[in-house]
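Q: There's a structure below that I have some questions on.
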Amino acid sequence: MRSSRVALAATFAALSLGAAPLSAQAQIPAQPAAQTQAPQTWNRINVPPYPASQPDKLKVDQDEYKLYLRTSDGPQQVFDFYRAQLEQQGFRVTSSKDKKHGQKAYLQRGAGSAPEDRVELDVKRKAGGVIKVEIEIDETD
């Protein structure tokens, strides 16, 4: 009887702290965080996931954001989406060019005085139908 009161008290304490009961915790398998989930913000830049796509791989460091995704859309549509996202955040295209398998643009926000206010957007089709989206801090002057 005492052990059931202790268990009941422990469950009540956990519930009052917002935790799931021990029986519920045991039934939910621990799942690792998805490695392909795109961060919402990178270097003060909002980078949303591409609609109707399946993320394949994500590589992020201080100077580069690389997202590999699967979508039925072509590189031009993906490029247009991310260019529009950057323009909504105050960036403007300073130059762009067509590439064999995609598009590239250089964008600047404001005077471009901070490194993260000058970026290169590069979108291209890779092997297997994967689209690579790369946003890189443009350190060229």
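Taking mature numbering (1 follows the signal peptide of the UniProt record, and there is no 0), I'd label the letters of the sequence shown as residues -26 to -1, 1 to 115. Yeah, the Cβ is synthetic: ideal placement off N, Cα and C, and Gly gets one too. A quick note: this is a predicted structure, and the numbers were derived from the prediction, not measured.
For the alpha helix (DSSP H) that R57 lies in, which residues bound it at each end?
A: Within the sequence shown, the letter at position 83 stands for residue 57. Per DSSP, R57 belongs to the alpha helix (DSSP H) from 49 to 62.
Q: With a threshold of 16 other CB atoms inside 10 Å of the CB of Q62, please say whether the residue is buried or exposed.
A: The residue given as residue 62 occupies position 88 in the sequence shown. Looking at its Cβ environment, which holds fewer than 16 other Cβ atoms inside 10 Å, Q62 is exposed.
Q: Relative to the C-alpha of E17, which candidate in P23, Q28, V34 has its C-alpha closest?
A: Here residue 17 refers to the residue found at position 43 of the sequence shown. Reading the sequence as shown, one finds Asn at residue 17 and not Glu. Ranking P23, Q28, V34 by Cα distance to N17 puts V34 first.
Q: Rounded to the nearest angstrom, what separates A58 and L95 at their Cα positions?
A: Taking the first residue of the sequence shown as 1, we reach residue 58 at position 84. Taking the first residue of the sequence shown as 1, we reach residue 95 at position 121. For A58 and L95, the distance between alpha carbons rounds to 11 angstroms.
Q: Which of the three DSSP states, helix, strand or coil, is assigned to A7?
A: Indexing the sequence shown from 1 puts residue 7 at position 33. Because the pLDDT of A7 is 38, which lies under 50, any placement of that residue in the model is unreliable, and the question is left without a value.
Q: Which one of K98, A79, K106 has the shortest CA to CA distance from D112?
A: Locating residue 112 in the sequence shown gives position 138, where the first residue counts as 1. For the residues K98, A79, K106, the minimum Cα distance to D112 belongs to A79.
Q: Determine the closest residue to R66 out of S87, D91, H75, with distance taken between C-alpha atoms.
A: Within the sequence shown, numbered from 1, the residue matching residue 66 stands at position 92. Closest by alpha carbon: D91.
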